[in-house]
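I have placed the structure first, in the form of structure tokens, so that the comments after it can refer back to it.
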Amino acid sequence: MTELIKLVVPMIWAYVDDVKSWFDDSFWMRFAPFPEVWVASSYKGSSGEITTMSYIGHHQRNQQTWLETMYTASKRYKVNFTGIAVTGWSRYDHMLSLCEFIPTSIPSLAYSLQTIEHGRLTDVLNETISQKILGCYQMPLWERSTFATFIACKFPGHEMYEMMHQYDSIMRQHEETMAFVRLFVTDIHLRQNYIHYKRAEESLGRLLSLENQMIHFIDAFQNACLMFFTADIGPEWLQTYLMHTFKEVQQRVNFLDRSLKTQSSWLQRPLPKNTSRIVVKIRNITFNSLIRFSQ
124 MTELIKLVVP MIWAYVDDVK SWFDDSFWMR FAPFPEVWVA SSYKGSSGEI TTMSYIGHHQ
184 RNQQTWLETM YTASKRYKVN FTGIAVTGWS RYDHMLSLCE FIPTSIPSLA YSLQTIEHGR
244 LTDVLNETIS QKILGCYQMP LWERSTFATF IACKFPGHEM YEMMHQYDSI MRQHEETMAF
304 VRLFVTDIHL RQNYIHYKRA EESLGRLLSL ENQMIHFIDA FQNACLMFFT ADIGPEWLQT
364 YLMHTFKEVQ QRVNFLDRSL KTQSSWLQRP LPKNTSRIVV KIRNITFNSL IRFSQ
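Quick note on the working numbering: the sequence shown kicks off at 124 and runs consecutively.
Here it is, written out as structure tokens:
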């Protein structure tokens, strides 16, 4: 163990909101003998595999409680802390999709570094970071807002940050629009070519507005990505976060547009294509057989 202490510099990772409650006393006692100990916090990429926005609150609390934890452990158990590695993941592993972009996460990084430098945020420091360092006309979001919010800033990378606010707004509108449309355009309606004419007109109007916003966003987003990344990043991100939703919208727009132009009569129930019994076969696949096959 003595030789190991001379050879190893441990780094302790924790990305939770409150690090103080994450480790017990016995944990820190194990690290007291080491001449150097590092810890790792995060300013982005630790909120979920497909998270799009780095909200400041979670990451700032992570830095704040790391400082408090380090102070307590150094005083109580004489742990020799050397520093904090402020990490930012872009993928959870090589096979997974992109999560938060670096340009989008600059506000979180600024607040994280200022917290580490000053030990604690004050109202004056808050205003300095927001207005003077980031050039935002209002304070960046600490948590996801309950309503659509757009914040304009001037820091390098603000174009992507503002794009994420647009994305959030579009997804909120999508939820609201589809909550209405799905009442009147279900899979049965698509399959049977069967619509309620008045409700179909209302649904199409809402969907066309949403589709136009999505088309504009897709183009603007890819242009913004080319300012910071290679050409593959914009399409990959859109395929992960938006295109499935966009195709769902287009599918219903195409169906409603075609049906409203061509439908002149309505079938009586029961609908003719809907009388066959639904039969679903059980797959003859087990998890263990997949493992054996892969080996």
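Beta carbons are placed, not taken as given, at the ideal position from N, Cα and C, and that holds for glycine.
Would DSSP call A271 helix, strand or coil? Looking at A271 - three-state DSSP - the assignment turns out to be coil, as it is neither helix nor strand.
Residue nearest to K201 in terms of C-alpha spacing, selected from K404, Y290, S165, P158: Closest option to K201, Cα to Cα, is P158.
What span of residues does the alpha helix (DSSP H) with I405 cover, start to end? No alpha helix (DSSP H) holds I405; DSSP gives it neither H nor E.
Determine the direct distance from the alpha carbon of A233 to that of V471, and round the result to whole angstroms. The structure shown does not extend to residue 471, since the chain is modelled only from 124 through 418, so no value can be given for it.
Please report how far the alpha carbon of R214 lies from the alpha carbon of G168, in whole angstroms. Cα to Cα, R214 sits roughly 7 Å from G168.
In terms of residue numbering, what span does the alpha helix (DSSP H) encompassing V304 cover? Segment 281-307, the alpha helix (DSSP H) holding V304.
Should the stretch 187-207 be regarded as contacting the stretch 255-263, the criterion being three or more beta carbon pairs within less than 8 Å? In short, these stretches do not touch, since the Cβ pair count stays below three.
Would you check if the distance between the CB atom of E240 and the CB atom of S177 is smaller than 8 Å? Result no, Cβ atoms of E240 and S177 do not sit closer than 8 Å.
Cβ-based burial, Y320 [other Cβ within 10 Å; buried from 16]: Counting the other CB atoms within 10 Å of its CB gives Y320 a total below 16, which places it among the exposed residues.
Could you check how far apart the C-beta atoms of G211 and S228 are, in whole angstroms? I think they sit under 8 Å. So it is a contact: roughly 6 Å between Cβ atoms.
Helix, strand or coil for G206, going by three-state DSSP, please let me know. In the structure shown, G206 sits in a strand (DSSP, three-state: E or B).
What are the start and end residues of the beta strand (DSSP E) that includes V162? Counting along the chain, the beta strand (DSSP E) containing V162 begins and ends at 160-167.
Selected residue, minimal CA-CA separation from P393, among P279, G328, I293, Q315: Comparing Cα positions, the closest option is Q315.
Among all the DSSP beta bridges, which residues are the ones paired with I135? I135 pairs with V162.
Note down the Cα distance separating I341 from L236, rounded to an integer number of angstroms. So the two alpha carbons sit approximately 33 Å from each other.
Quick one: using the 10 Å Cβ neighbour count with 16 as the cut-off for buried, is S231 buried or exposed? Buried: at least 16 other Cβ atoms inside 10 Å.
On the CB-based measure, 16 or more other CB atoms within 10 Å of its CB, does W389 come out buried or exposed? Exposed is the call here.
Does the beta-carbon of N335 have 16 or more other beta-carbons within 10 angstroms, so that it is buried, or is it exposed? Exposed: under 16 other Cβ atoms inside 10 Å.
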